[in-house]
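Written below as structure tokens is the structure these notes are about.
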Amino acid sequence: MTPTRTPEPAETAGPAELELRLGPVAHGGHTVARTGEGRVVFVRHGLPGELVRVRLTDSGPAARFWRGDVVDVLEADARRRTEHVWAPADPLLSWPRGRPPVGGAEFGHAELEAQRELKAAVVAEQLSRLAGLETPITVEAMPGEDPRGLGWRTRAHFAVDPAGRIGMHPHRSAEIVPVDSFPLVVPPIDDLRLGRLDLRGVQRVDVAAPAGGGTPLVHLGLAVGADRQRLRRELARLTADRDVSVTARAEGQREPELWAGRPAVVEHAGPHRWEVSAEGFWQIHRAAPELLHRTVPGAAGARPGEHALDLYAGAGLFTAALADAVGPAGTVLAVEGSPVTSADARRAFAARPQVRVDRGSVDAVLARTWPQAAPDRGRGRRRPSRGRGAPRPDVVVLDPPRAGAGRTVVDQLVALAPRRIAYLACDPATLARDLGRFRRAGWTVREVRAFDMYPNTHHVETLAVLEP
696 MTPTRTPEPA ETAGPAELEL RLGPVAHGGH TVARTGEGRV VFVRHGLPGE LVRVRLTDSG
756 PAARFWRGDV VDVLEADARR RTEHVWAPAD PLLSWPRGRP PVGGAEFGHA ELEAQRELKA
816 AVVAEQLSRL AGLETPITVE AMPGEDPRGL GWRTRAHFAV DPAGRIGMHP HRSAEIVPVD
876 SFPLVVPPID DLRLGRLDLR GVQRVDVAAP AGGGTPLVHL GLAVGADRQR LRRELARLTA
936 DRDVSVTARA EGQREPELWA GRPAVVEHAG PHRWEVSAEG FWQIHRAAPE LLHRTVPGAA
996 GARPGEHALD LYAGAGLFTA ALADAVGPAG TVLAVEGSPV TSADARRAFA ARPQVRVDRG
1056 SVDAVLARTW PQAAPDRGRG RRRPSRGRGA PRPDVVVLDP PRAGAGRTVV DQLVALAPRR
1116 IAYLACDPAT LARDLGRFRR AGWTVREVRA FDMYPNTHHV ETLAVLEP
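For the sequence shown, the residue numbers in this note's numbering are 696 to 1163.
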């Protein structure tokens, strides 16, 4: 069935709805559809091939493309769930009530197998288009995954509305939609029922619970002029009958205030232990620390006595495994930009002399540590200078934020010429962009694996192994 011809929505007519046949999945949690006039519409909450009604959320005659949410399913894919995993994220329920769906579970309408197929298609398409790499992709389920993909998040972040209720933002919106629960988080977080608290004077709430069990931590980002005494009394309702830590910090305040318990959550992976601050970085899927602690440094293949480089190191999940692999005769340089997270890493490795934690932007630390690295422009690739300086890294692990490593860092790594790089990415587009640059410098992508570390969302974690 072809889409019916629909006139451009008038600005005074209110939100327009279109009947569309959905096309292929696109990066960012959308499917791609076209109106009868050929205009591209990026549609959330659908599955390829479905016939749906779409409420336009971003449109207009001058727009390059439109955006919209599925609000009615006329012909459903067999893999569409009969019930969304979380009502506030379901546009079929939220729009009739006058509210957009919140983010955080935009694939919750699809069975997990279908979600993984969509993610695999996105990763493969990005690698092909941006890196010129044709490789089959299978998105692997996480160990011990819940059959519906629930209860996996050990970290959650909430905004707070003017009435003091925690909430989440809809896609591309500053609006705050109050939420009472979030079924994607581990039970120790959901059981806190933070939605029952009056958090007026708080701008943001960060919650963390140890993956292996233990005391959860609630961190409050305080607004200017917040009534701390009132908030302390309100949080006392939370800590009265359960073991919960509470910290708070106002913007510009150097150190967080400890209101209850301890200022960090205790995390473990392999034989190692970390104390991770509420504002610090840690892998959020409950099974991810153990899996990645083994898999990523293992892919790098560090050997005894070698020199390893851990970039965007966080609290040092991979640093610990690299230090075990290189042993006392080797070294590990861990680079992390966040003051909070780098402090967590320094505490974790204070007793391991072969590990150095350097705080700063990755490109600046690399330039400071290996200033001799210079381009070999004649060959179109880079090589390390043999001048004095820190030992050249034999292996590199990097886990950059969503923006990726970028041109400068890729060129610096090419110049350092380690024998292997393990690149973990949470965004397939920026990974593909960076892999394309490595490949143009003569590097080979030996392996690509993808992990479904974010069930019921469009996000996927991808690991690429490169050699010169």
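Even glycine gets a Cβ: it sits at the ideal position worked out from N, Cα and C.
Cβ neighbours of residue i in the same chain (closer than 6 Å, five flanking residues each side left out)
{"i": "GLY944", "result": "According to the sequence as given, residue 944 is Arg; it is not Gly. Result list for ARG944: PRO951, in chain order."}
{"i": "ALA1016", "result": "HIS988 and PRO992"}
{"i": "VAL1035", "result": "SER972, GLU974 and GLY975"}
{"i": "GLY803", "result": "HIS779, VAL780, TRP781, ALA784 and ASN1151"}
{"i": "GLN810", "result": "PHE802"}
{"i": "GLY904", "result": "Checking the displayed sequence, the identity of residue 904 turns out to be Ala instead of Gly. So the qualifying residues of the chain are THR849, VAL881, PRO883, ILE884 and PRO911."}
{"i": "ARG762", "result": "PHE737, THR752 and ASP753"}
{"i": "GLY844", "result": "LEU807, PRO1150 and ASN1151"}
{"i": "GLY907", "result": "HIS963"}
{"i": "LEU1061", "result": "GLN1107"}
{"i": "ARG895", "result": "GLY859"}
Alpha-carbon to alpha-carbon, residue j and residue i
{"i": "LEU742", "j": "ALA805", "result": "8 Å"}
{"i": "GLU703", "j": "ARG748", "result": "Summary for GLU703: the model assigns pLDDT 43, below 50, so the residue's position carries little reliability; its value from the coordinates is reported in the next sentence. One C-alpha to the other measures close to 16 Å."}
{"i": "GLY1137", "j": "PRO1163", "result": "6 Å"}
{"i": "ALA1127", "j": "ALA826", "result": "5 Å"}
{"i": "VAL855", "j": "GLY916", "result": "10 Å"}
{"i": "GLU840", "j": "CYS1121", "result": "19 Å"}
{"i": "PHE737", "j": "PRO865", "result": "16 Å"}
{"i": "PRO1066", "j": "PRO984", "result": "34 Å"}
{"i": "ALA1251", "j": "VAL720", "result": "A query on residue 1251 cannot be resolved here, the shown segment of the chain reaching from 696 to 1163 and no further."}
{"i": "ASP938", "j": "ALA1145", "result": "36 Å"}
{"i": "HIS967", "j": "GLY1009", "result": "15 Å"}
{"i": "LEU828", "j": "SER1056", "result": "29 Å"}
{"i": "ARG949", "j": "PRO958", "result": "14 Å"}
{"i": "ALA1046", "j": "ASP1039", "result": "13 Å"}
Rounded distance between the beta-carbons of residue j and residue i, thought under 8 Å
{"i": "LEU746", "j": "LEU713", "result": "11 Å between Cβ atoms; not a contact."}
{"i": "THR1239", "j": "ALA816", "result": "No answer is possible for residue 1239: it lies beyond the span of the chain, which begins at 696 and ends at 1163."}
{"i": "ASP1147", "j": "MET837", "result": "6 Å"}
{"i": "ARG1042", "j": "GLU970", "result": "6 Å"}
{"i": "ALA994", "j": "LEU1158", "result": "6 Å"}
{"i": "ALA921", "j": "VAL900", "result": "Wrong, their Cβ atoms sit about 13 Å apart, outside the cutoff."}
{"i": "ARG1134", "j": "VAL1140", "result": "7 Å"}
{"i": "HIS725", "j": "ARG739", "result": "6 Å"}
{"i": "ASP772", "j": "GLY744", "result": "6 Å"}
{"i": "ASP1005", "j": "ALA1029", "result": "4 Å"}
Residues of its chain near residue i, where Cβ-Cβ distance is below 8 Å and the 5 sequence neighbours each way are ignored
{"i": "VAL902", "result": "ARG850, ALA851, HIS852, PHE853, VAL880, ILE884, LEU887, LEU889, PRO911, LEU912, VAL913, HIS914 and ALA973"}
{"i": "ALA997", "result": "ALA1003, LEU1017, ALA1020, VAL1021, GLY1025, ASP1089 and VAL1090"}
Run of the alpha helix (DSSP H) containing residue i, from where it starts to where it stops
{"i": "SER823", "result": "807-826"}
{"i": "PHE1133", "result": "1123-1135"}
{"i": "ASP1019", "result": "1012-1021"}
{"i": "LEU889", "result": "Looking at the DSSP string, LEU889 is not in any alpha helix (DSSP H), and its letter there is neither H nor E."}
{"i": "LEU894", "result": "Careful: LEU894 lies outside any alpha helix (DSSP H) and carries neither H nor E."}
{"i": "ALA1059", "result": "1057-1064"}
Coil, strand or helix - residue i by DSSP
{"i": "PHE1044", "result": "coil"}
{"i": "ARG1114", "result": "coil"}
{"i": "VAL1155", "result": "coil"}
{"i": "ARG925", "result": "helix"}
{"i": "ASP936", "result": "coil"}
{"i": "ILE861", "result": "strand"}
{"i": "VAL919", "result": "coil"}
{"i": "LEU987", "result": "helix"}
{"i": "THR1103", "result": "helix"}
{"i": "TRP790", "result": "helix"}
{"i": "VAL881", "result": "coil"}
{"i": "VAL1030", "result": "strand"}
{"i": "SER1037", "result": "helix"}
{"i": "ALA800", "result": "coil"}
{"i": "VAL780", "result": "coil"}
{"i": "PRO873", "result": "strand"}
{"i": "ALA1120", "result": "strand"}
{"i": "LEU930", "result": "helix"}
7 Å CB neighbourhood of residue i in its chain, flanking five on each side removed
{"i": "ALA1098", "result": "THR1125"}
{"i": "PHE1044", "result": "GLY1011, THR1014, VAL1050 and VAL1052"}
{"i": "ALA982", "result": "MET837, PRO838 and GLY839"}
{"i": "SER1170", "result": "Only positions 696 to 1163 of the chain appear in the structure, and residue 1170 is not among them; the question remains open."}
{"i": "ARG1102", "result": "ARG1132"}
{"i": "THR934", "result": "VAL941 and ALA955"}
{"i": "GLU1001", "result": "VAL1021, GLY1025, ASP1089 and VAL1090"}
Range of the contiguous beta strand (DSSP E) that encloses residue i
{"i": "ASP1053", "result": "1050-1054"}
{"i": "THR833", "result": "It is not in any beta strand (DSSP E) - THR833 carries neither H nor E in the DSSP assignment."}
{"i": "GLU970", "result": "967-972"}
{"i": "ASP767", "result": "761-770"}
{"i": "GLU952", "result": "952-955"}
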